[in-house]
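Chains F and C supply the protein sequences, listed in that same order.
The opening position of the first sequence corresponds to residue 0 in numbering that gives the first Met the number 0, with each subsequent residue numbered one higher.
The opening position of the second sequence corresponds to residue 0 in numbering that gives the first Met the number 0, with each subsequent residue numbered one higher.
Note that the Cβ used here is the ideal one computed from N, Cα and C, for glycine as well.
Please read all numbers here as calculations on a predicted model, not as lab measurements.
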Amino acid sequence: MIPATFEYHAPTSLGDATALLARLGEDAKVLSGGQSLIPMMKLRLAGPAHVIDINGIPGLAGVREADGVLSIGALTREADLEESDVVRTRYPLLHETAKVIADPLVRNLATVGGNLAHGDPANDHPATMLALGAEVVAQGPRGQRRIPIASFFTGPFATALDPGEILVEIRIPAPPARSGGAYVKLERKVGDFATVAVAAQVTLSAAGTCERVGIGLTNVGLTPIKATAAEGALRGKRPDDAAIAEAARLAAEAAEPAADLRGSVEYKRDLVRVLTGRALRRAVQRAGEAR
Amino acid sequence: MRVQLSVNGEKHEADVEPRLLLVHLLRENLRLTGTHIGCDTSHCGACTVLMDGRPVKSCTVFAVQANGRQLMTVEGLEQDDKLHPLQESFMSQHGLQCGYCTPGMLMTGYAFLQKNPKPTEDDIRAAISGNLCRCTGYVNIVKAVQHAAATLAGGA
Numbered sequence: 000m001i002p003a004t005f006e007y008h009a010p011t012s013l014g015d016a017t018a019l020l021a022r023l024g025e026d027a028k029v030l031s032g033g034q035s036l037i038p039m040m041k042l043r044l045a046g047p048a049h050v051i052d053i054n055g056i057p058g059l060a061g062v063r064e065a066d067g068v069l070s071i072g073a074l075t076r077e078a079d080l081e082e083s084d085v086v087r088t089r090y091p092l093l094h095e096t097a098k099v100i101a102d103p104l105v106r107n108l109a110t111v112g113g114n115l116a117h118g119d120p121a122n123d124h125p126a127t128m129l130a131l132g133a134e135v136v137a138q139g140p141r142g143q144r145r146i147p148i149a150s151f152f153t154g155p156f157a158t159a160l161d162p163g164e165i166l167v168e169i170r171i172p173a174p175p176a177r178s179g180g181a182y183v184k185l186e187r188k189v190g191d192f193a194t195v196a197v198a199a200q201v202t203l204s205a206a207g208t209c210e211r212v213g214i215g216l217t218n219v220g221l222t223p224i225k226a227t228a229a230e231g232a233l234r235g236k237r238p239d240d241a242a243i244a245e246a247a248r249l250a251a252e253a254a255e256p257a258a259d260l261r262g263s264v265e266y267k268r269d270l271v272r273v274l275t276g277r278a279l280r281r282a283v284q285r286a287g288e289a290r
Numbered sequence: 000m001r002v003q004l005s006v007n008g009e010k011h012e013a014d015v016e017p018r019l020l021l022v023h024l025l026r027e028n029l030r031l032t033g034t035h036i037g038c039d040t041s042h043c044g045a046c047t048v049l050m051d052g053r054p055v056k057s058c059t060v061f062a063v064q065a066n067g068r069q070l071m072t073v074e075g076l077e078q079d080d081k082l083h084p085l086q087e088s089f090m091s092q093h094g095l096q097c098g099y100c101t102p103g104m105l106m107t108g109y110a111f112l113q114k115n116p117k118p119t120e121d122d123i124r125a126a127i128s129g130n131l132c133r134c135t136g137y138v139n140i141v142k143a144v145q146h147a148a149a150t151l152a153g154g155a
């Protein structure tokens with residue numbers, strides 16, 4: 000399969016890249032890891048007249064935790080996120096997510112920024128970032144702005160980025176003491192999109208009640224879904240079996256899955272319930288072990 | 000567009016259309032047909048090559064993205080008419096039947112053993128999870144990688 004012709008641009012600075020994007024508008028697509036864009040172009044589901052390759056722009060990759068924030072450069076490869084020590088030890092939810100995105104070869108190129116900016120509700124990082132309360136940094140021709148992740152996904156393959164903007168960084172608040180998270184994904188085979196996946200992040204109070212709760216759902220709607228009713232039901236409560244079951248029930252209610260080869264609407268909705276329960280139990284257990 | 004790249008230590012230059020895929024540059028322009036095209040949808044891994052040391056699916060990379068990069072294909076494993084221990088292991092452990100996935104398995108296995116010279120079986124299975132084989136059921140491929148790890152460590 001051969002993509003349609005396009006003009007290739009390889010800017011070496013963010014300024015050049017955003018100027019190009021602003022000028023070319025809807026005719027241009029940003030190429031980061033290319034692991035979603037190139038297959039779509041080969042299948043002729045996408046046919047941008049211009050491709051702007053941002054891989055030559057320095058400073059867009061890297062993971063570091065400072066001043067209470069985990070900063071992930073948009074060009075950070077999933078393989079590097081998976082191998083990052085700070086992510087593995089402090090952000091189990093992120094680590095578990097990176098490990099199940101596509102397959103190891105795809106993860107050598109695929110980027111965290113691309114996984115979000117693509118706006119695909121079947122991608123894994125959106126749910127993770129919703130659960131973690133992340134914000135993304137968008138660079139436009141006239142400067143930067145921060146966008147809370149909860150208002151980033153505006154529709155299927157659509158985000159709050161303006162045509163001239165590039166996602167340059169993801170910022171995640173560092174988890175307080177007694178925090179834990181988990182990502183639970185059911186996939187038919189390595190490399191397939193999730194049938195359903197659930198991200199959960201929990202912070203416990205000293206008394207053992209849920210102080211903070213984040214729950215994100217993958218591939219059960221037109222956008223990634225933040226299960227706010229489920230989060231609210233658990234907040235302030237002790238995470239016992241009954242409370243988790245109730246949160247899981249509410250998460251399933253928030254899901255709007257479509258039937259496809261991976262399963263029926265009923266099956267997927269019930270899977271949200273089951274996987275939310277599992278993700279919450281694992282998150283709570285990790286929160287209990289974390290200091 | 001003009002691209003310059005190194006393949007198996009040799010410098011190459013080519014004039015390419017931006018839409019040319021890396022696997023086509025390797026197979027058609029450079030006549031390195033050891034790299035296979037399988038699914039052409041970034042699932043099967045038959046087209047795996049190393050780009051700056053990392054295994055990637057060359058059907059899902061534009062040739063222009065390889066400009067200035069170091070590439071290694073299955074043809075680069077053999078040195079001085081001697082097969083690499085990993086290739087020898089695939090032979091001795093029957094790690095292939097039809098052989099279609101083998102170039103990809105070898106490149107993934109080669110990069111993996113450099114990073115993880117003493118792997119567990121689970122490590123190996125996770126590492127090759129992006130490379131599909133429809134003949135062997137993976138058992139002998141895993142054995143071949145284990146055998147190569149032992150050989151490279153001087154234990155066999």
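CB contact flag (residue i, residue j, <9 angstroms)
i, j, result
"residue 184 of chain F", "residue 39 of chain C", "no"
"residue 64 of chain C", "residue 54 of chain F", "yes"
"residue 218 of chain F", "residue 175 of chain F", "no"
"residue 162 of chain F", "residue 25 of chain F", "yes"
"residue 155 of chain F", "residue 102 of chain F", "no"
"residue 47 of chain C", "residue 129 of chain C", "yes"
"residue 156 of chain C", "residue 131 of chain C", "The structure shown has nothing for residue 156 of chain C, since chain C only spans 0 to 155."
"residue 90 of chain F", "residue 131 of chain F", "yes"
"residue 198 of chain F", "residue 216 of chain F", "yes"
"residue 18 of chain C", "residue 1 of chain F", "yes"
"residue 111 of chain F", "residue 169 of chain F", "yes"
"residue 45 of chain C", "residue 108 of chain C", "no"
"residue 41 of chain C", "residue 105 of chain F", "yes"
"residue 85 of chain C", "residue 143 of chain C", "yes"
"residue 128 of chain F", "residue 136 of chain F", "no"
"residue 299 of chain F", "residue 287 of chain F", "In the structure displayed, chain F extends from 0 to 290; residue 299 of chain F sits before or after that span and is not available."
Same chain only: Cβ atoms within 7 angstroms of residue i, ignoring 5 sequence neighbours per side
i, result
"residue 262 of chain F", "194"
"residue 15 of chain C", "0, 2, 24, 62 and 63"
"residue 268 of chain F", "251, 254 and 256"
"residue 7 of chain C", "71, 72, 74 and 75"
"residue 12 of chain F", "56"
"residue 141 of chain C", "120, 123 and 124"
"residue 59 of chain F", "53, 72, 73, 74 and 167"
Residue i to residue j span [Cα, whole Å]
i, j, result
"residue 247 of chain F", "residue 65 of chain F", "34 angstroms"
"residue 233 of chain F", "residue 76 of chain F", "34 angstroms"
"residue 29 of chain C", "residue 96 of chain C", "27 angstroms"
"residue 272 of chain F", "residue 80 of chain C", "58 angstroms"
"residue 143 of chain F", "residue 160 of chain F", "11 angstroms"
"residue 14 of chain F", "residue 11 of chain C", "32 angstroms"
"residue 181 of chain F", "residue 285 of chain F", "8 angstroms"
"residue 155 of chain C", "residue 127 of chain C", "Confidence at residue 155 of chain C is low in this model, with a pLDDT of 49, below 50, so its placement is unreliable and the value that follows should be read with caution. Roughly 23 angstroms separates the two Cα atoms."
"residue 245 of chain F", "residue 214 of chain F", "13 angstroms"
"residue 59 of chain C", "residue 115 of chain C", "25 angstroms"
"residue 83 of chain C", "residue 136 of chain C", "23 angstroms"
"residue 28 of chain F", "residue 203 of chain F", "42 angstroms"
"residue 302 of chain F", "residue 33 of chain C", "The structure shown does not extend to residue 302 of chain F, since chain F spans only 0 to 290, so no value can be given for it."
"residue 22 of chain F", "residue 87 of chain F", "40 angstroms"
"residue 138 of chain F", "residue 240 of chain F", "44 angstroms"
"residue 110 of chain C", "residue 22 of chain C", "18 angstroms"
"residue 188 of chain F", "residue 99 of chain F", "10 angstroms"
"residue 164 of chain F", "residue 57 of chain C", "29 angstroms"
Three-state secondary structure (DSSP) of residue i
i, result
"residue 156 of chain F", "coil"
"residue 209 of chain F", "strand"
"residue 76 of chain F", "strand"
"residue 61 of chain C", "strand"
"residue 90 of chain C", "helix"
"residue 0 of chain F", "coil"
"residue 7 of chain F", "strand"
"residue 231 of chain F", "helix"
"residue 150 of chain F", "helix"
"residue 182 of chain F", "strand"
"residue 96 of chain F", "helix"
6 angstroms Cβ shell around residue i - same chain, five flanking residues per side excluded
i, result
"residue 93 of chain C", "139"
"residue 113 of chain F", "31 and 32"
"residue 212 of chain F", "201, 230, 233 and 234"
"residue 151 of chain C", "84"
"residue 145 of chain C", "none"
"residue 157 of chain F", "118"
Other residues of its chain near residue i: CB distance less than 8 angstroms, five sequence neighbours each side excluded
i, result
"residue 17 of chain F", "138, 139, 140, 163, 164 and 165"
"residue 62 of chain F", "69, 70, 71, 72, 75, 79, 80, 83, 85 and 86"
(request) Evaluate the contact criterion for the stretch 109 to 127 of chain F versus the stretch 221 to 235 of chain F: three or more CB pairs, one atom per stretch, below 8 angstroms. (result) When Cβ pairs closer than 8 angstroms are counted between the two stretches, the stretch 109 to 127 of chain F is seen to touch the stretch 221 to 235 of chain F, the count reaching three or more.
(message) Tell me whether the stretch 41 to 52 of chain F and the stretch 75 to 82 of chain F touch, counting them as touching only if at least three CB pairs, one residue from each stretch, are closer than 8 angstroms.
(response) At 8 angstroms Cβ cutoff, the stretches do not touch.
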